[in-house]
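Right, one structure below, let's go through it.
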Amino acid sequence: MQTIYARWRQHPYRGPGPPVAAPRPARKGRIRCIRALGQQMDKGKPDQYESDQYKMNNGKSAAPEATYAATINNADWQALECSLNDYGNAIVPGLLSPAQCEALAAGYDREQDYRSRIVMARHGFGRGEYKYFAYPLPALLDQLRHLLYPHLAPIANRWSRQLNMNVHFPPALDTFLDQCHAAGQMRPTPLILQYGPGDYNCLHQDLYGEHVFPLQVAILLSAPDRDFTGGQFVMTETAAASQRAEVIPLQQGDALIFTVNHRPAPGKRGGTRKVAMRHGVSLVHSGRRHTLGVIFHDAR
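Residues 77 to 376 in my numbering are what the sequence shown lists, from first letter to last.
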């Protein structure tokens with residue numbers, strides 16, 4: 077029989093200045109924190125992405141207050157990597173502004189932006205629905221994908237080495253996408269999910285083909301208690317003889333970086349073991365909940 081543990085995480089400190097990763101309690105046997113700097117982003121990127129040509133309007137271009145590029149580049153990536161190593165997830169608070177979130181959520185009914193709509197109940201995925209964006213992606217979403225990936229690729233490569241996977245992720249997203257497309261994974265995977273009362277998402281992994289980037293990002297577009305109640309993000313971790321569940325409360329605009337399928341963890345007798353991770357959403361009690369999903373590998 078497996079032992080099941082559950083944990084509720086308090087929302088990270090939200091104070092003045094740029095968002096930082098939430099502090100975590102020390103845990104016995106934690107993976108030693110490795111500096112997660114890797115290749116640095118081009119210092120010209122924030123100005124480029126915040127120029128007039130990228131301004132958001134109804135999810136297509138960037139809002140005047142778009143500071144997500146600076147937030148990403150100024151985040152404490154060393155602390156974020158420690159959180160990913162220890163728990164399989166990490167939060168960047170307030171990555172998107174309320175105006176950006178609401179513009180993206182309002183675009184859910186703009187059918188020309190999407191390649192397909194999935195009704196979860198038809199496939200046994202839960203209740204609710206989601207839509208996959210079509211290429212070209214909305215400017216803000218495309219920028220987020222390109223800004224986040226270079227910070228996550230060094231972490232993904234360290235995980236790959238620890239798990240003896242013999243997979244190397246290139247430093248640039250476009251190079252990785254070229255690999256996906258050469259393997260027949262040509263359909264974009266970023267999506268928006270919509271939940272109403274009684275909706276939920278079963279625990280799952282977002283795998284779409286041979287090439288799988290091990291980290292993805294979910295950004296809550298709706299405001300808890302104002303727009304919806306219930307609907308908490310849930311992650312489970314499965315090891316040989318135990319399971320652990322974590323409920324992760326988010327606020328509007330928060331970005332949750334989390335494991336797609338597997339992450340390394342300390343073995344009980346030394347060495348490293350592979351831990352399987354799944355994620356889902358608990359029952360929505362009232363209102364409407366929208367989430368933006370940023371997945372880095374494309375689909376067959």
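We treat Cβ as the ideally placed atom computed from N, Cα and C, and that holds for glycine.
Query, Result
"Can you tell me the Cβ-Cβ gap for residue 156 and residue 232, rounded? I've got them flagged as a contact below 8 Å.", "Not quite, the Cβ-Cβ distance comes to about 13 Å (not below 8 Å), so this is no contact."
"Reducing DSSP to helix, strand and coil, say where residue 358 ends up.", "coil"
"If we call anything under 8 Å between Cβ atoms a contact, is residue 309 one with residue 266?", "no"
"Between residue 366 and residue 181, which are expected to be in contact by the criterion C-beta below 8 Å, what is the C-beta distance as a whole number of angstroms?", "4 Å"
"Under 7 Å: does the beta carbon of residue 264 sit that close to some heavy atom of the ligand HEM?", "This structure does not include the ligand HEM; it has no bound ligands of any sort."
"With 16 other CB atoms within 10 Å as the buried threshold, where does residue 361 fall?", "exposed"
"Hey, residue 370 and residue 172 are a contact pair by Cβ (cut 8 Å); roughly how many whole angstroms apart?", "Rounded, the Cβ-Cβ distance is 11 Å, inconsistent with contact."
"Just grab the DSSP bridge partners of residue 365 for me.", "271"
"Roughly how many angstroms separate the alpha carbons of residue 279 and residue 313, rounded to a whole number?", "11 Å"
"CA-CA distance, residue 359 and residue 298?", "15 Å"
"Look at residue 282 and residue 195 and say whether their C-beta atoms are less than 8 Å apart.", "no"
"In or out: residue 204 buried (at least 16 other Cβ within 10 Å) or exposed?", "buried"
"Considering residue 191, what are the terminal residues of the beta strand (DSSP E) in which it resides?", "190-195"
"Report yes if the C-beta distance between residue 295 and residue 311 is below 8 Å; otherwise report no.", "no"
"Quick check on this structure: which residue in 340, 342, 334 has the alpha carbon closest to the alpha carbon of residue 355?", "334"
"Going by the CB atoms, is the gap between residue 342 and residue 350 shorter than 8 Å?", "no"
"Are there 16 or more other CB atoms within 10 angstroms of the CB of residue 329, so buried, or fewer, so exposed?", "buried"
"Could you tell me which of 161, 199, 221 sits nearest to residue 368, measuring between CA atoms?", "221"
"Alpha carbon to alpha carbon, what distance is there between residue 177 and residue 346?", "44 Å"
"Would a C-beta distance cut-off of 8 Å place residue 184 and residue 270 closer than the cut-off?", "yes"
"Alpha carbons only, please: which of 253, 186, 238 is nearest the one belonging to residue 218?", "253"
"Output the distance between the C-alpha atoms of residue 55 and residue 276, rounded to the nearest integer angstrom.", "What is shown of the chain runs 77 to 376, which leaves residue 55 out entirely."
"Between the Cα of residue 191 and the Cα atoms of 255, 149, 206, 168, which residue gives the shortest distance?", "206"
"Quick check on the burial criterion: 16 or more other C-beta atoms within 10 angstroms. Buried or exposed for residue 322?", "buried"
"Suppose you measure from the CA of residue 150 to the CA of residue 198; what does that come to, to the nearest Å?", "42 Å"
"Taking residue 300 as part of the beta strand (DSSP E), name the residues at either end of that continuous run.", "Here residue 300 belongs to no beta strand (DSSP E), and DSSP marks it neither H nor E."
"Among 352, 154, 175, whose alpha-carbon lies nearest the alpha-carbon of residue 216?", "175"
"Helix, strand or coil: how does DSSP classify residue 182 here?", "helix"
"Please determine, among 293, 307, 301, 260, the residue with the shortest C-alpha to C-alpha distance to residue 285.", "260"
"Candidates 264, 256, 306: which alpha carbon is nearest residue 379's?", "The first residue shown for the chain is 77 and the last is 376, placing residue 379 beyond what the model contains."
"Distance, Cα to Cα, residue 247 vs residue 229?", "6 Å"
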